[in-house]
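Asker:
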Amino acid sequence: MSEGFSLEEFETLFLKHYPRIVGILRRIVGDHGRAEDLASEVFLKLYMRRLSQDSDTNVAGWLYRTATNLGIDALRATARRSRFEQVAAQNVQQNKSAETGFQRMARVEREHRVRTVLAEIKPAQAQLLLLRASGDSYKELSAALEIEPGSVGTLLVRAEAAFEQRYRELFGSEEDV
Amino acid sequence: MNCVSENSLRAYQDGELSGVERAEIEAHLASCAECGRRLGEIAATAARVQKQMVSLGAASAETTIDAQAALSRFKAQQGAGIAAMPSRPQTVADETNARARGWGKQWRPLWIGAVAATILLCSLAFPFGRGLAQRFLGTLRVEKVQPVRLDFSALEGNRTLQEMLRQMISDKVVVTADEKPQPASTAADASQLAGFSAHVLGARTDAPKFIVGGQHAFHTTIDRARLQDIFDQAGRADLLLPATLDGANISVNVPRSIMVEYGDCPEAHPAGGTQPTPTQPRPAAWANCLALQESPSPLVNMPSDLNLQQLAEIGFQLAGMSATQARDLGQTIDWKSTLVLPIPRSASSYSQVTVNGVQGTLIQGSGRRGPDYVLVWVKNGIIYGLVGHGDSSNAVALANSLN
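Residue numbers (this note's numbering), protein chains in the order written: chain A, 1 to 177; chain Y, 178 to 580.
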């Protein structure tokens, strides 16, 4: 299909992948509205690209690569803002009534730390960790991030080591949260 | 078997191996304490990081997202853009390059300046915009043109900077309408296609060609950190963008335009081979070439509380002005209605002239590679550009013969 896909095919792709893409982006940026805005941007880019649909895996790979790229870009930009703004914003956005004030503060702090570290390690490593945590198989990770299937394990080990090292440098041991 | 690789141990831990591979590793692990220890470390690290990642939210929450409703919203928001899909992937950078080619190589610095200015404008435009069009509160509409001599020469040779700009445009700019130009046989046809009345030059009796330029629209989300990186690369880390710009949106809609072309003109795209190199003589017939571009004002949407002057002053400083010069110039311009026309360094001169009762700007080039002159004015919401090869002394008379 070198001419790209039809509107109907685009809609099918949208319905199939939109929820998961919003979910991944929400985990990255921590705000549902922002995640939906970014997901719309991903699908508009897809529509404008008119990818040749060699296989569903390729389109899906492109979608998740683009989504995590945009999400990490947004995260890195946000990470430069003051921590106070971010924590305050998350307090407003994620007010879960079942939590006590202390529990909420601890959760917001933990999320903030994880996002800060993801913003600071190499974007490719952050992408790998985010997609793996979202349930991608090695085959899906390979397609989405354009990496050799035979090196996914090694890259995961390195990404996790980089995450932990940066976390310790910034915040000490994880138990401090 | 030899000790197991890190890659295989991790794949084993994740259940990503075939039955045979799994059995081989298990047989080795049964007799190799070192591999067993490494597997334990890998598994423990993976579990700790996974726990951290899970703290960002569970995948099960995705089931509550209504994709059908999202698709309806998406189609409603992007309807016009989807109807105007390009026939091939194209970015704003492509479009800018195409325009730069169309104006001739000599005029490229003008477009480099324009791109830089546009990006700067984008960067300054939106304190809080996060949604799409409904979030925009104010609109810019061009009513007049202000020529400004800007010197981006310090930036032109910086390949890293140019690549950063190109990459940012590619990553951040979402094109929602990108129509191709199409020929029209008469002024009436061109008017109907473009949606406004085509004007022709009464002083020219030869039959012109009409080309209706397509509608173009895009929006972009401001990434302040990335822009600041670009400023750093440009050697201007001292210019600080307001923090409130980050994550904001700007939308630009460029309506269809009309190009009226007289005489024997060079092809717009030098790839066709008709654009002479600087050492080649230009065909004498080009002196007869005259092109009139008629473009309704582009619409730029942004919040009404935007401080455009502050933005512009940063732009002027990026173009080599001192802070004082930038402030003095910025104060003289009505930023809601004025298109700042960067005068390219290659222009030998420019002057203010009166055209059809309004103020216009006549820019004269050296004429070696591009057009000899460009006359720009704005009247009744239409931006006119008269591009000529040859003697510029009758440019104003030609423009005044517009009917």
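Built from N, CA and C at the ideal position, the CB exists for glycine as well.
(1) Hey, quick one: how far does the alpha helix (DSSP H) through Leu417/Y stretch, first residue to last?
(2) Per DSSP, what are the beta-bridge partners of Phe163/A in this structure?
(3) Given Ser569/Y, which residues of its chain have a CB within under 7 Å of its CB, disregarding the five upstream and five downstream residues?
(4) Identify the contact partners of Arg166/A in chain Y, using a Cβ-Cβ distance below 9 Å as the criterion.
(5) How is the alpha helix (DSSP H) around Ile24/A delimited, first residue to last?
(6) Nearest chain Y C-beta to Ser40/A closer than 7 Å, yes or no?
(7) Find the nearest neighbour of Pro360/Y within the set Ala354/Y, Cys180/Y and Val437/Y, judged by alpha-carbon distance.
(8) Chain Y partners of Thr154/A, CB-CB under 8 Å?
(9) Taking the Cβ atom as the reference point for each residue, do Ala188/Y and Gly61/A lie within a distance shorter than 7 Å?
(10) Contact check, Pro19/A vs Ala244/Y under 8 Å by CB: the rounded distance?
(11) Please identify the residue among Leu488/Y, Ala375/Y, Val231/Y and Gln487/Y whose C-alpha is closest to the C-alpha of Pro473/Y.
(12) What residues match up with Trp554/Y in a beta bridge as DSSP calls it?
(13) Could you give the residue range of the beta strand (DSSP E) that holds Ser528/Y?
(14) Taking Cβ positions only, does Ile289/Y come closer than 7 Å to chain A?
(15) Do Ser198/A and Phe395/Y have their CB atoms nearer than 7 Å?
(16) Could you run through the stretch 10-22 of chain A and flag, in chain order, every residue whose CB is less than 7 Å away from some CB of chain C?
(17) Counting pairs of beta carbons, one from the stretch 408-417 of chain Y and one from the stretch 363-374 of chain Y, are three or more of them closer than 8 Å?
(18) Are three or more beta carbon pairs between the stretch 141-151 of chain A and the stretch 206-221 of chain Y nearer than 8 Å?
(19) To which residues of the same chain is Val269/Y closer than 7 Å at the C-beta, ignoring the five residues directly before and after it?
(20) Listed from N- to C-terminal order along the chain, which residues in the stretch 220-231 of chain Y have their beta-carbon within a distance smaller than 7 Å of any beta-carbon of chain A?
(21) Please confirm if Leu418/Y has its CB atom under 7 Å from at least one CB of chain A.
(22) Which residues does DSSP list as the beta-bridge partners of Ser428/Y?
(23) Restricting to Cα atoms, I'd like to know which of Leu467/Y, Glu193/Y and Leu485/Y is closest to Ser142/A.
(24) Which residues in chain A sit within 7 Å of Arg401/Y, going by Cβ to Cβ distance?
(25) Pull up the distance between the alpha-carbon of Leu46/A and that of Arg26/A, whole angstroms please.
(26) Identify the residues that DSSP records as bridge partners of Pro360/Y: which are they?
(27) Just how far apart, CA to CA, sit Arg65/A and Glu340/Y?
(28) Please say whether Leu38/A and Leu63/A have beta carbons closer to each other than 7 Å?
(29) Can you check DSSP and say which residues form a bridge with Ile435/Y?
(30) Give the secondary structure of Thr353/Y by DSSP, where H, G and I count as helix, E and B as strand, and everything else as coil.
(31) Strictly by DSSP, which residues pair up with Leu155/A?
(32) Looking only at its own chain, which residues have a Cβ that is under 7 Å from the Cβ of Leu155/A, when we skip the five neighbours before and after it?
(33) For Ala133/A, report the span of its alpha helix (DSSP H) as first-last.
(34) What residues of chain Y sit near Val157/A, judged by a beta carbon separation below 7 Å?
(35) Which residues, in chain order, does the stretch 341-354 of chain Y contribute to contact with chain A at a C-beta distance below 9 Å?
(36) What residues from chain A crowd round Gly424/Y, counting only those whose CB sits closer than 8 Å?
Answerer: In brief:
(1) No alpha helix (DSSP H) holds Leu417/Y; DSSP gives it neither H nor E.
(2) Assignment of beta-bridge partners to Phe163/A by DSSP yields no partner.
(3) Within its own chain, the residues whose Cβ lies closer than 7 Å to the Cβ of Ser569/Y, once the five positions on either side in sequence are excluded, are Leu539, Gln541, Asp549 and Tyr550, listed in chain order.
(4) In chain order: nothing, as chain Y lies at least about 11 Å away.
(5) Taken as a continuous stretch (DSSP letters only), the alpha helix (DSSP H) holding Ile24/A covers Leu7 to Val29.
(6) So yes, Ser40/A belongs to the interface.
(7) Of the candidates Ala354/Y, Cys180/Y and Val437/Y, the one whose C-alpha sits nearest the C-alpha of Pro360/Y is Val437/Y.
(8) Listed along the chain, the chain Y residues whose CB falls inside 8 Å of the CB of Thr154/A are Ser182, Glu183, Asn184 and Arg187.
(9) No; because the gap between Cβ atoms is not below 7 Å, this pair is not in contact.
(10) Contact between Pro19/A and Ala244/Y holds: their C-beta atoms lie close to 5 Å from each other, under 8 Å.
(11) Per the Cα distances, Ala375/Y.
(12) According to DSSP, which records beta bridges pairwise, Trp554/Y is partnered with Gly537/Y and Tyr561/Y.
(13) Ser526 to Val532 is the span of the beta strand (DSSP E), which, as asked, contains Ser528/Y.
(14) With a pLDDT of 35 at Ile289/Y, under the threshold of 50, the modelled position of that residue is not reliable, and the figure given next carries that caveat. It does not; no Cβ of chain A falls within 7 Å.
(15) Outside the displayed span of chain A (1 to 177) sits residue 198/A, for which this structure offers no information.
(16) Looking for chain C here will not work: the only protein chains present are A and Y.
(17) No, they do not touch.
(18) The stretch 141-151 of chain A, when compared against the stretch 206-221 of chain Y, does not touch it at the 8 Å Cβ threshold.
(19) Legend: pLDDT at Val269/Y = 37, less than 50; position of this residue unreliable, value from coordinates given subsequently. Within the same chain, Val269/Y has close Cβ partners Ile346, Val350, Val352 and Phe395.
(20) Answer in chain order: Thr222, Ala223, Arg225, Val226, Gln227, Gln229, Met230 and Val231.
(21) Not closer than 7 Å to any Cβ of chain A, the Cβ of Leu418/Y fails to qualify, so no.
(22) Answer by DSSP bridge pairing, in chain order: His396/Y and Asn478/Y.
(23) Checked all of Leu467/Y, Glu193/Y and Leu485/Y; the closest Cα to Ser142/A is Glu193/Y.
(24) Within 7 Å Cβ-Cβ: Ala77.
(25) Distance between the alpha carbons of Leu46/A and Arg26/A is about 19 Å.
(26) Ile388/Y, per the DSSP bridge assignment.
(27) Looking at the backbone, the Cα of Arg65/A and that of Glu340/Y are separated by about 21 Å.
(28) No, the Cβ-Cβ distance between Leu63/A and Leu38/A is not below 7 Å.
(29) Beta-bridge annotation (DSSP): Ile435/Y is paired with Val389/Y and Glu471/Y.
(30) In the three-state scheme derived from DSSP, where H, G and I count as helix and E and B as strand, Thr353/Y is classed as strand.
(31) For Leu155/A, DSSP assigns no beta-bridge partner whatsoever.
(32) Take Leu155/A, set aside five residues on each side of it, and the residues of its chain with a beta-carbon closer than 7 Å to its own are Leu128 and Ile147, in chain order.
(33) In the DSSP annotation of this structure, the continuous segment of the alpha helix (DSSP H) that includes Ala133/A starts and ends at Pro123 to Ala133.
(34) Going along chain Y in sequence order, the residues near Val157/A (Cβ under 7 Å) are Glu183, Arg187 and Ile219.
(35) Cβ contacts with chain A: Asp348, Lys349, Val351, Val352 and Thr353.
(36) Going along chain A in sequence order, the residues near Gly424/Y (Cβ under 8 Å) are Arg34, Ala74, Ala77 and Thr78.
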